[in-house]
Amino acid sequence: MAAQGPTFVGVEKCKPCHRPEFETWSQSAHAEATKTAKGAPGFAASCLSCHATTPDGSLEGVQCEACHGPGSQYWPIPVMMHREKSVAAGLVLPAPGMCNRCHDGQDHHKAVEWGAFKHDHREKRQAVELP
Numbered sequence: 247m248a249a250q251g252p253t254f255v256g257v258e259k260c261k262p263c264h265r266p267e268f269e270t271w272s273q274s275a276h277a278e279a280t281k282t283a284k285g286a287p288g289f290a291a292s293c294l295s296c297h298a299t300t301p302d303g304s305l306e307g308v309q310c311e312a313c314h315g316p317g318s319q320y321w322p323i324p325v326m327m328h329r330e331k332s333v334a335a336g337l338v339l340p341a342p343g344m345c346n347r348c349h350d351g352q353d354h355h356k357a358v359e360w361g362a363f364k365h366d367h368r369e370k371r372q373a374v375e376l377p
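According to the numbering used here, the residues represented by the sequence shown are 247 to 377, in order.
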């Protein structure tokens, strides 16, 4: 039997250790992205590639893993406590250009400039930095 690759765990797994990030995210447009898309005229399943964490929409909203990658192998505390271990286990550290996957300036996709735009939780307090 082939080994299963990383899977999405959902924002509820991230929330206990990243409460400030969760609180501001939960009030953001990213948290409501799936609901917003589904309520828009012309909604199609393809909209979920940007408006949900998973392509099938099973994890609604643009949750942590939409940018940081599926968390099944990096979210456990003994791994997440160490930046190097987390990255080795699949944690993606967003970089310039990543936002452009969805924020490409086309149609209704507002373009963003890396460095000028910060997530809500980074505006209120520095994000958790791993050792």
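A virtual CB, placed ideally from N, CA and C, is assigned to each residue, including glycine.
Distance between beta carbons of residue j and residue i, contact taken as under 8 Å
i	j	result
C313	V257	Incorrect: roughly 12 Å between the Cβ atoms, too far for contact.
A283	G307	A283 to G307, Cβ: 10 Å. No contact.
Q319	G336	5 Å
H355	C348	6 Å
Residues sharing a beta bridge with residue i, DSSP
i	result
A298	E306 and G307
Selected residue, minimal CA-CA separation from residue i, among the options
i	options	result
C296	Q319, P287, G343 and H276	H276
K281	L294, Q250, E269 and C348	L294
C263	G307, A357, S274 and M327	M327
L339	W271, A283 and P316	P316
M203	V358, P322, V333 and K331	Nothing about residue 203 can be read from this structure; the chain reaches only from 247 to 377.
T299	R329, Q273, N346 and V255	V255
Cβ neighbour criterion (16 or more within 10 Å) applied to residue i
i	result
P305	Checking the sequence shown, residue 305 turns out to be Leu, not Pro. It is buried - the Cβ of L305 has at least 16 other Cβ atoms within 10 Å.
T253	exposed
F268	buried
A291	exposed
Where the alpha helix (DSSP H) through residue i begins and ends
i	result
V333	R329 to A334
F268	R265 to W271
C348	Run containing C348: none; DSSP gives neither H nor E here.
K284	A279 to K284
C260	V257 to C260
P324	I323 to M326
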